[in-house]
Amino acid sequence: MSAVGELLVAFRDYLQSRSDPLLQHFIEGFDWPTEERVLAPRDLPVVSHLRGLDQVATGAEGALLDRLSHAGDRLHWAQTYSIGDFGEDFLQRYGWVELFGTRGHFVSEEMAGGFLLLGPGVHYPDHHHVAEEIYIPLTDGSLWSKDAQPFLPRWSGEIIHHPSNIRHAMRTEDELLVALYLWRGGPLAQKSIISGRMQ
Ligand SMILES: [Fe+2]
21 MSAVGELLVA
31 FRDYLQSRSD
41 PLLQHFIEGF
51 DWPTEERVLA
61 PRDLPVVSHL
71 RGLDQVATGA
81 EGALLDRLSH
91 AGDRLHWAQT
101 YSIGDFGEDF
111 LQRYGWVELF
121 GTRGHFVSEE
131 MAGGFLLLGP
141 GVHYPDHHHV
151 AEEIYIPLTD
161 GSLWSKDAQP
171 FLPRWSGEII
181 HHPSNIRHAM
191 RTEDELLVAL
201 YLWRGGPLAQ
211 KSIISGRMQ
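Mapped onto this note's numbering, the consecutive letters of the sequence shown carry residue numbers 21 to 219.
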């Protein structure tokens, strides 16, 4: 099995190991993909943070983060935004990889999943999208806002749910954010609609 295939297995096993009812409902009946796309590795500046990562999380989240870190050089890292959205500095500190979905390493039309990276000192302003979303941080201490509520710190393993079209935003302080994400119930390659401003 390819290194990316092994990462997909670890991703699936991690989610199936969690007993959270909302998460289990979200992935219930999902036909986990087996068809791999040939995607060339694509690097981004933010991925350098992943390489420098020592074991920062423990337990199941730490193990998944370790897998991601080891497969990092083989992944097709991408960005939805361009310089006109949030500026060059944001693009230096932001990226994601779609492990499965309509354009990712494995083929799925039903659900997309992967990992988001935000380097230290990033503000990802309010945005929203049709798809319903789950995030699970694999690192500690990032700040999250939902539905224009105040930013709250979130910890490794927390399950963050964004219903369809609800506004959400993230901030990092001194630490990198690595978060697992899942999208379903809407266009899986939609560019988010930006409603917030850089601060
Ligand atoms: Fe989102």
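Even for Gly, the Cβ is constructed at its ideal location relative to N, Cα and C.
Looking at the DSSP output, GLY133 bridges to PHE120 and LEU202.
Here the region 115-128 lies against the region 58-73, with 3 or more beta-carbon pairs under 8 Å apart. If you compare the alpha carbons of LEU163, ASP146 and SER215 with that of VAL198, the shortest gap goes to LEU163. Taking the C-beta atoms as reference points, LEU202 is found nearer than 8 Å to ILE154. A residue is called buried when at least 16 other Cβ atoms come within 10 angstroms of its Cβ; MET21 does not meet this threshold and is exposed. By the beta-carbon neighbour count (other beta carbons within 10 angstroms, threshold 16), THR159 is buried.
The criterion of a C-beta distance shorter than 8 Å is satisfied by LEU196 and LEU137.
Taken through DSSP and simplified to helix, strand or coil, LEU70 comes out as helix.
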